[in-house]
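Contents: one structure, followed by commentary.
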Amino acid sequence: MTDRSQHPPVTFEAARQIVASARRGSSRPGHYMVAAYGYESPRHWQIIDGSRDLLIDNDYAFQPVGEGPVLVDKITGELIELPSLYNFAYLNTFTPVGDVPSDEE
0 MTDRSQHPPV TFEAARQIVA SARRGSSRPG HYMVAAYGYE SPRHWQIIDG
50 SRDLLIDNDY AFQPVGEGPV LVDKITGELI ELPSLYNFAY LNTFTPVGDV
100 PSDEE
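Given below as structure tokens:
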């Protein structure tokens, strides 16, 4: 029997697509994108998405106010949009996935 904890049913790429499908076309300013990097815990992927102007160009005029982190459950694929006032202690346990820019770590 395969150990599912080592190979979750929802891959990082699938999680990126879940987020893009749900959040693309919203009323956010700028050109929407999902970053090729993110973070993970044993249970969740943290997907980084938003305006290219913010994620690539670091233009904080495109930072949405009141928007929190976005997670995808590795088992169910559930999209979880956390509130901006979320207790970040859990997120501090996540490890990087992909080439996280040095200003993100």
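Note that numbering that gives the first Met the number 0 gives residue 53 to position 54 of the sequence shown, counting from 1, and the numbers run on in steps of one. For every residue, glycine included, the Cβ atom is placed at its ideal position computed from N, Cα and C. Please read all numbers here as calculations on a predicted model, not as lab measurements.
Integer Cβ distance of Ala127 from Gly97, believed to fall under 8 Å: Not covered by the structure: residue 127. The range shown for the chain is 0 to 104.
Test item: CB-CB of Val33 and Asp48 under 9 Å: Along the sequence shown, read from residue 1 onward, the residue named residue 33 stands at position 34. Along the sequence shown, read from residue 1 onward, the residue named residue 48 stands at position 49. The answer is yes: Cβ separation under 9 Å.
Distance between Lys73 and Ile46 (C-alpha atoms, nearest Å): As a position in the sequence shown, residue 46 is number 47, starting the count at 1. As a position in the sequence shown, residue 73 is number 74, starting the count at 1. A direct Cα-Cα distance of roughly 12 Å separates Ile46 from Lys73.
Proximity to Val71 [Cα-Cα], best of Asp56, Tyr59, Asp58, Leu90: Translated into positions along the sequence shown, residue 71 becomes position 72. Of Asp56, Tyr59, Asp58, Leu90, the residue nearest in Cα terms is Leu90.
Beta bridge counterpart(s) of Gly97 as assigned by DSSP: As a working note, residue 97 is residue 98 in the sequence shown. Per DSSP, none; premise fails for Gly97.
Coarse secondary structure for Glu77, derived from DSSP in three states: Counting from 1 along the sequence shown, the entry for residue 77 is found at position 78. Coil, per DSSP.
As assigned by DSSP and simplified to three states, the class of Ile55: Against the sequence shown, residue 55 aligns to sequence position 56. If DSSP states are grouped into helix, strand and coil, Ile55 belongs with coil.
Bridge-paired residues (DSSP) for Gly49: Along the sequence shown, read from residue 1 onward, the residue named residue 49 stands at position 50. DSSP output for Gly49 lists Met32 as bridge partner(s).
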